[in-house]
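Shown next, in C-alpha cells, is the structure this report addresses.
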Amino acid sequence: MSVILILIIASLGIAVCFLAGFIWAAGSGQFEDTCTPSMRILTDDEPGDRPPVDPN
Amino acid sequence: MNNVLTTGRDKSEGPVREPRSGSVPADAGSAAAEGKRGSPGQAMLSVSCFHCGEPCPDTAIARAGHVFCCQGCSVVNEMLAEAGLDHFYALQEHPGVRVRKSSGREQWAYLDNPDVQRGLLDFSDGTLSRITLHIPAIHCIACVWLLENLMRLHSGVGRSTVHFGRREVTIDFNPARMTLSELVALLASLGYEPALTLNEMGKKKANSARRRQWIQMGVAGFAFGNIMLFSLPGYFGLDSLNEVFFQHVFGYVSLVLALPVLLYSASDYWKSARLSLKRRALTLDVPIAIGMAALYAQSAVEVLAGRGTGYLDSLVGLVFFLLCGRAFQQKTYERLAFDRDFKSFFPLSVMCRTASGEESVAICSLGVGDRVVLRHGELVPADAKLVSGAALVDYSFVTGESEAVARSVGDHLYAGGKQVGGSIEVEILKPVSQSYLTSLWDHEAFRKGPGTAETLTNRYSRRFTWMVFGVALAAALAWMISGEFSRGVKAFTSVLIVACPCALALAAPFTLGTAQRLLAGAGVFVRNALVLESMARVNAIVFDKTGTLTSPGTHRVRFISAPFPPPGVAPGRAAGSEKVLCAEPLTQREADAVYSLSRHSTHPLSIRICEILRRDASLLPVESFRETPACGIEAVIGGREVLLGSRSWLESRGVRTCGRSEAAGTTGVPGMVLADAAAEGATVHVAAGGHYRGAFVLPSILRPGMERLLMNLAVRYEITLLSGDTEKDRGSFEALLLDKSRVNFNQTPLDKLAFIGALRQSGKSVMMVGDGLNDAGALKQSDVGVAVVQKIGSFSPASDVIVEGSRMPRLDRILSFARSSSRIVRLGFGFSALYNLVGISIAAAGVLSPLTCAILMPLSSIFIVCFACTATTLAAWGAGLQTENISTDTTTCRQWAPAFEPCP
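Chains as they are written, first to last, in our numbering: chain A, 0 to 55; chain B, 209 to 1112.
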C-alpha cells in the first residue's frame, strides 16, 4: 500500500513542477499575445529568401 | 501540376503578378491622371492608390509604374522600395495607410523632454530604450511585417514587436542614435502615427493584472485536476482504496491543495464580496463567496472529523470554472472596447509660453504657474487665470450649455472650457486632472435618465441575491428538518452556486457593447450603451436642414464677384461688356484672407467656404476675430478689415452691397446674377477693407440618398424638418416629405428647443439630428441627440450620437439596428431568467451536485455572452450596416475666382 503513497507524492511533485513551469511562462508574458505570432509566421519568408520556383 | 498553376501567358512572359487596380503601366497612369480634368467622376472610380487603396483624386501621382493618391503615399512607397521592403505590397493589396498630414519633427519635439519620456518609456538604460506605442492604424498582416522590420529603415531601431490585438508596437531603440521624437516622426511619416493620448501617459499595470489572472487560473486548474484524482476512488466506490487510511490521506491532501485556490485564485471574489458588504450593497459576488466558505468549512469539518472527503472537488472546480468564464468574458470585452477612446478627443500637448518663446508641452507635464496659449477651439486643460486676450469660453463640455461666456483678464477659467475666437494666454492655477477631462463626455450631466436595461439589471441583481439566499436557506432548513442533513447542505450550496445573476447582468453590456463597436466601425459613435436603448424607443425624428439633410460638400459653390470698385464702370457700358463687370475675381491675397477668416468659424457655411479655398490659399495671421451669431464673422487681416456674412449685416456695418433693388441701378448686371443666385441657396457676402467684393453662393443640395432615407423613415416615425433658413426651399422640402411630416422654416434656436419640448410633452420620444455645434441646445433637449459631423473631433458634448456625414443615408438602418439590439437584450434576459428558474428549482431539490452547478453556472454566462455577440453581429449584418460604401461628395469646384454664370 505504501507504494501508492510514493506514487502519489511523485505525481504531485511532477504536477507541481509543471505548475511552476506554467507560472513562469505566464509571468514572463508568454500568454499576452496569442494573435500576432499566428500572423508573423506567414510573413517569415520574403520573396528573396525563397528558392526560385522551377516553371516546369 | 504546374499546368494548373501557371497559364500559358505566364509561361511566355515570366512571373506575372496578379493585376491590381493600382498597378497600371506608368503611361496609362499618367494618362489617367491627365484625363481627370475632363471626367473626374469616372477616373476617380477607376483608379485606386497603389499604396493605400483610396480613390485617386485629380492630382494623382504616377511613379514607378504605380498610381498614388497623394505625395505622402508616393514618398512612403519610395522609402520602402529603397529599404528593400517591397514585400509589404505582396502581403496584402493596398496595405498602406494614407498619410493625411505631413508632420514635422518639431511637432513631436515635446517627446524629448525627460519628464514626458519618463511617463512613456517602458525602460531605458542610456544605450537602449523601450517604448510601447498604441497605433490605431495597424490593420493587416503587412502592417505587422513592416513595423517589425522597422530596423531596416533606421539604424537606431532595434527589435520591434507588434501586438496586433491591442494595436500596439513595442520598439527598442538606441537613444544615442535616434531620439524619441525622431522615432515617432518616422512612424508618422509611414502613416503609423501613434496615438499619444493621455492613456499612454498613465503607468501601465494592466499587464501584471492579466498575468496574475493566468496564474490564478493555472493554480485552480492544477488543484482541480489533482483533487479530482483523489475523489474518483470515492465516486466509483473502489473498495480496495476505500480504506479509512486512504480516505484520511486523500482528505488531508485535498484540503491542503484547496487552500491556495481558496486564498489566491479566489481572492478577487473575497475582495469584492468584502467591499460590497462594507458598502452594504449586495453584489453578485456575495453568494459565491458565502457558497465557497460554506463548502470549505463543511469539507474541513468532515475531513478533520474523519467522516468523509467533503466537497473540495466541487469547491475547486467552481473556482476554476468561474475563472475560465471570467477570462472568456474579459477576452470578449476587450474586443468590444470602444475603438475610439474618449481621451483621444483631448489635445495632448498645448503651446506653453516660456522665456525663449513658445514651446509645445504635454498636458501632463504642465505645472502650476505655467503660461499656456490657447487658440480657437482648444480646451482649457486645467483651472487657470486669464492673462491676456479676449476669452470667450464655451463650457459645453462641463455643463452641456453651449453658451460661450466672455471673461476678462484676471478671471478664473475652469478646466474643460473651450476657447472660442482668437487666441488667449492663461496661467495654470491647479494641476491638470486627466480623469476629470476624460470623464467629460460621458458625464452624468449629459445623461438623459437611466436606461431600462440598466435599471432592470440593477433591480434584479439586488433582489436576486436576497431571493437566492432565501431559497437556499429554505431548502437547507426543509431538508434538515426532514432529517437529511447532508442533503440540506448540498441543496444550500448548490442553490448558491447554480444561481447565476451574471447571465442577467451580462446580457445588456455585451449586446450593447457589441452594437456600439459595430456602429463605431460604421462611422457612428455612441456616447454610451444606454443611448442605444433610447434610440430603440424613438418615435419622432426632428431634422435640422443645414449641414444635415443638405450636403456640406463644396459642390457647385461659386463666388460671384461684384464690380470693383463698387460704383464701377458706367452702367451703360456694363450691359455691353459683361467681362468688365463679372471677371473681377478675388485677388490671391483676398482669397488668403477669406480662407484664414473662415477657418476660425465652425458654422457650416464657413466650413464650406474654407474647404473650397483650402487648396489654393495660404494662412494669414488673424487679429481681433469676432463671430456674431446668425450674422457673420469679421477680423483684421493684414491691416484690412475683412467681413464675411449676411448682406444685411454687411450693410449694417456700413458696406455698400449690390442687391436686388439695385439690379438695374448703378451696379447693373451682377446684382441680378446675385439675386438669381440667392434663390438657389445661401449666400455669404464678402467685404474687404470696407469695399463689397461679392458673394459666395452655396446651393442647398440634398445629401445623396436623403429622399430614400426620409421615405423609409416616414413609414415608422413622425418626421419634422426645422430650419433657421427662410422659406425659399419650402416647396422642394415639402415635396420630399410625406403627409405625416411637417416643415418649419425661420426657426430660431429657441423655437427649436420649444418645438422639441412640446413634442416630448406630447409623449413622443424625440431624436434630433443636427450639426452638433450650432444645434447643441436642441440636441440636449431631445431624447437622443445625433450630431452629424464632417470631421470627428469637432464635437459637442450635448450630443449622444456622432454620425459621420457620409453615413447619414443609413440612419434608418442604424435605427432598426438599435431596435434589434434592444430586442436581443430582452431575449437575453428571458434566457437567463429561464435558466435560473429551472436551475434553482432542481438545486433546491438537492438533486444537483455542487460540481454540476459549478460547471453549469459559467456555462450559462458563456452562453449569454456568445448569444449576445453573435446575435448582435447578425443583426448588424441583417440591417446592412456593413454593406455598401456610400461615396462621399468630394467633388470640389475649384474655380472660385471669376464669375462663370454668363451674364445675361
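Where is the CB? At the ideal position from N, CA and C, for every residue including glycine. Fair warning: this is a prediction, and the values are worked out from it, not measured in the lab.
Using a Cβ cut-off of 8 Å (strictly closer), state whether residue i contacts chain B.
{"i": "C34 of chain A", "result": "yes"}
{"i": "I40 of chain A", "result": "no"}
{"i": "S1 of chain A", "result": "no"}
Answer with yes or no whether the minimum CB distance from residue i to chain A is below 8 Å.
{"i": "V370 of chain B", "result": "yes"}
{"i": "V324 of chain B", "result": "no"}
{"i": "I379 of chain B", "result": "no"}
{"i": "V494 of chain B", "result": "no"}
{"i": "G366 of chain B", "result": "no"}
{"i": "V427 of chain B", "result": "yes"}
{"i": "I339 of chain B", "result": "no"}
{"i": "G373 of chain B", "result": "yes"}
{"i": "I423 of chain B", "result": "yes"}
{"i": "W343 of chain B", "result": "Here residue 343 of chain B is Ile; the residue named in the question, Trp, does not match the sequence. Not one chain A Cβ lies under 8 Å of I343 of chain B."}
{"i": "I1050 of chain B", "result": "no"}
Taking C-beta pairs closer than 9 Å, name the residues in chain A that residue i reaches, listed in chain order.
{"i": "R434 of chain B", "result": "Residue identity check: residue 434 of chain B is Asn in the sequence provided, not Arg. Result: S10, L11, A14."}
{"i": "V352 of chain B", "result": "T35, M38, R39, T42"}
{"i": "R419 of chain B", "result": "A25, G26, S27, G28, F30, E31"}
{"i": "F430 of chain B", "result": "A14, V15, F17, L18, F21"}
Taking the alpha carbon of residue i as the point to measure from, which residue in the options has its own alpha carbon closest?
{"i": "A19 of chain A", "options": "B:V427, B:L813, B:V977", "result": "B:V427"}
{"i": "L394 of chain B", "options": "B:V284, B:P303, B:T335, B:R374", "result": "B:V284"}
{"i": "L530 of chain B", "options": "B:V706, B:A590, B:G304, B:A686", "result": "B:V706"}
{"i": "G743 of chain B", "options": "B:M287, B:L1019, B:T1060, B:Y504", "result": "Just to set this straight, residue 743 of chain B is Met in the shown sequence, not Gly. Measuring from the Cα of M743 of chain B, the nearest candidate turns out to be B:L1019."}
{"i": "L299 of chain B", "options": "B:G327, B:G292, B:A350", "result": "B:A350"}
{"i": "A25 of chain A", "options": "B:W422, B:L921, B:M975, B:A501", "result": "B:W422"}
{"i": "S804 of chain B", "options": "B:V844, B:R766, B:A384", "result": "B:V844"}
{"i": "A431 of chain B", "options": "B:S1028, B:V464, B:R418, B:R367", "result": "B:V464"}
{"i": "V994 of chain B", "options": "B:L398, B:V746, B:C818", "result": "B:V746"}
{"i": "M436 of chain B", "options": "B:F733, B:K486, B:L520", "result": "B:L520"}
{"i": "V676 of chain B", "options": "B:R419, B:I1022, B:I1048, B:S806", "result": "B:I1048"}
{"i": "G334 of chain B", "options": "B:E451, B:E286, B:P383", "result": "B:P383"}
{"i": "V628 of chain B", "options": "B:A598, B:H620, B:L523", "result": "B:A598"}
{"i": "A715 of chain B", "options": "B:T1080, B:S1014, B:P441, B:A289", "result": "B:T1080"}
{"i": "R420 of chain B", "options": "A:T35, A:L41, A:R39, A:S27", "result": "A:S27"}
{"i": "V851 of chain B", "options": "B:I817, B:G897, B:D824", "result": "Per the sequence presented here, residue 851 of chain B reads as Leu, with Val not at that position. Nearest option by C-alpha distance: B:G897."}
{"i": "Q796 of chain B", "options": "B:V634, B:E831, B:G846, B:I269", "result": "B:G846"}
{"i": "R864 of chain B", "options": "B:S832, B:R901, B:S332, B:E849", "result": "B:R901"}
{"i": "G840 of chain B", "options": "B:L828, B:H456, B:R848, B:S860", "result": "B:S860"}
Quick one: which chain E residues come within Cβ less than 7 Å of residue i?
{"i": "I5 of chain A", "result": "Among the protein chains in the structure shown, which are A and B, there is no chain E."}
Could you please give the first and the last residue of the uninterrupted alpha helix (DSSP H) stretch that includes residue i?
{"i": "Y1195 of chain B", "result": "With chain B represented from 209 up to 1112, any question about residue 1195 of chain B goes unanswered, as that position is not in the structure."}
{"i": "G327 of chain B", "result": "322-328"}
{"i": "P468 of chain B", "result": "452-468"}
{"i": "Y297 of chain B", "result": "295-299"}
{"i": "N954 of chain B", "result": "Neither: N954 of chain B is in no alpha helix (DSSP H) and is coded neither H nor E."}
{"i": "A481 of chain B", "result": "475-486"}
{"i": "K593 of chain B", "result": "Careful: K593 of chain B lies outside any alpha helix (DSSP H), inside the beta strand (DSSP E) at 592-596."}
Got a sec, what are the start and stop residues for the beta strand (DSSP E) residue i sits in?
{"i": "D380 of chain B", "result": "376-381"}
{"i": "V634 of chain B", "result": "632-636"}
{"i": "P907 of chain B", "result": "899-907"}
{"i": "V283 of chain B", "result": "Unbroken run through V283 of chain B is the alpha helix (DSSP H), 279-290; no beta strand (DSSP E)."}
{"i": "M976 of chain B", "result": "974-978"}
Show which residues of chain A have a CB atom less than 7 Å away from the CB atom of residue i.
{"i": "I349 of chain B", "result": "M38, L41, T42"}
Taking 7 Å as the cut-off, does the CB of residue i come closer than this to any heavy atom belonging to the ligand COA?
{"i": "S475 of chain B", "result": "This structure does not include the ligand COA; it has no bound ligands of any sort."}
Short-range partners of chain A found in the region 286-308 of chain B, where Cβ spacing is below 7 Å: The residues in question are H295, A298, L299.
What residues from the region 679-691 of chain B come within 7 Å of chain A, judged by C-beta to C-beta, listed N to C? Within the region 679-691 of chain B, no residue has a Cβ that lies closer than 7 Å to any Cβ of chain A.
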